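J.: Right, I'll just put the structure down here and ask away after.
Residue numbers (this note's numbering): 20 to 151.
The structure is reproduced here in structure tokens:
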């Protein structure tokens, strides 16, 4: 999705031990190490990246271009580009993505839905396993 360009910088952090209740709109990059009860959405018009770390918990809808999850999400996830599910990712909700990379150990309780788009011939599915 980012090609040879660098991904956008992570400019915002919700630290471990912090709890936010309410919807969040961010620009460029956001890392969540704490708890969010509300929707998280990237601002339109710029490339975005969202990281949900292994100690984070989000209850609400997530929407961004590049989404990396290694924590717990209760709600739907939409990745307009790449969705990376790290080994400790646990999603309870439907997942929509353009490209998917899912590591061994990640779990999804919901439906997987590839996003349709222009020039899309077949869904992209990347599998990551130990030693490969």
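By construction, the Cβ of each residue, glycine as well, lies at the ideal position given by its N, Cα and C atoms.
What you are looking at is a predicted structure, and each value in this text was computed from that prediction instead of being measured.
(1) Do residue 77 and residue 92 come within 8 Å of each other at the CB atom, strictly closer than that value?
(2) For residue 28, count neighbouring C-beta atoms within 10 Å of its own C-beta (all shown protein chains included) and say buried if the count is 16 or more, exposed if not.
(3) So, are the CB atoms of residue 90 and residue 55 less than 8 Å apart?
(4) For residue 40, does the count of other Cβ atoms within 10 angstroms reach 16, so buried, or fall short, so exposed?
(5) How many angstroms separate the CA atom of residue 139 from the CA atom of residue 121?
(6) Locate the beta strand (DSSP E) running through residue 100, then write down its first and last residues.
(7) What did DSSP end up calling residue 162 once you bin it into helix, strand or coil?
(8) May I ask you to report which of helix, strand or coil DSSP gives residue 27?
(9) Can you name the start and end residues of the beta strand (DSSP E) that residue 63 belongs to?
(10) Provide the residue span of the beta strand (DSSP E) that contains residue 48, from first to last.
(11) Do you know offhand how far residue 111's Cα is from residue 129's?
(12) In the DSSP output, which residue or residues are listed as bridge partners for residue 73?
(13) Roughly how many angstroms lie between the CA atoms of residue 82 and residue 123, to the nearest whole one?
T.: Put simply:
(1) Start at 1 with the first residue of the chain shown, and residue 92 comes out as number 73. Start at 1 with the first residue of the chain shown, and residue 77 comes out as number 58. A contact, by the Cβ cut-off of 8 Å.
(2) Position 9 of the chain shown, counted from the first residue, corresponds to residue 28. So residue 28 ends up on the exposed side.
(3) Residue 90 sits at position 71 when you count from the first residue of the chain shown. Residue 55 sits at position 36 when you count from the first residue of the chain shown. No; because the gap between Cβ atoms is not below 8 Å, this pair is not in contact.
(4) Reading the chain shown from its first residue, position 21 is the one you call residue 40. Result: exposed.
(5) What you label residue 139 is simply residue 120 of the chain shown in a count that begins at 1. What you label residue 121 is simply residue 102 of the chain shown in a count that begins at 1. The predicted position of residue 139 is uncertain, since its pLDDT is 44 and thus under 50; a value taken from the coordinates is nonetheless stated next. Going from the Cα of residue 139 to the Cα of residue 121 covers about 20 Å.
(6) Locating residue 100 in the chain shown gives position 81, where the first residue counts as 1. 96–104 is the extent of the beta strand (DSSP E) around residue 100.
(7) This structure cannot speak to residue 162, because the chain is shown only from 20 to 151.
(8) For the purposes of this step, residue 27 is taken as residue 8 along the chain shown, with counting starting at 1. In the structure shown, residue 27 sits in coil (DSSP, three-state: anything other than H, G, I, E or B).
(9) As a position in the chain shown, residue 63 is number 44, starting the count at 1. Here residue 63 belongs to no beta strand (DSSP E), and DSSP marks it neither H nor E.
(10) Looking up residue 48 in the chain shown gives position 29. That run of the beta strand (DSSP E) goes 48–51.
(11) Here residue 111 is taken as the residue at index 92 of the chain shown, counted from 1. Here residue 129 is taken as the residue at index 110 of the chain shown, counted from 1. Their backbone Cα atoms lie some 6 Å apart in a straight line.
(12) Mapped onto the chain shown, residue 73 falls at position 54. Answer is none; residue 73 lacks a bridge partner.
(13) Locating residue 82 in the chain shown gives position 63, where the first residue counts as 1. Locating residue 123 in the chain shown gives position 104, where the first residue counts as 1. Those two C-alpha atoms are separated by around 23 Å.
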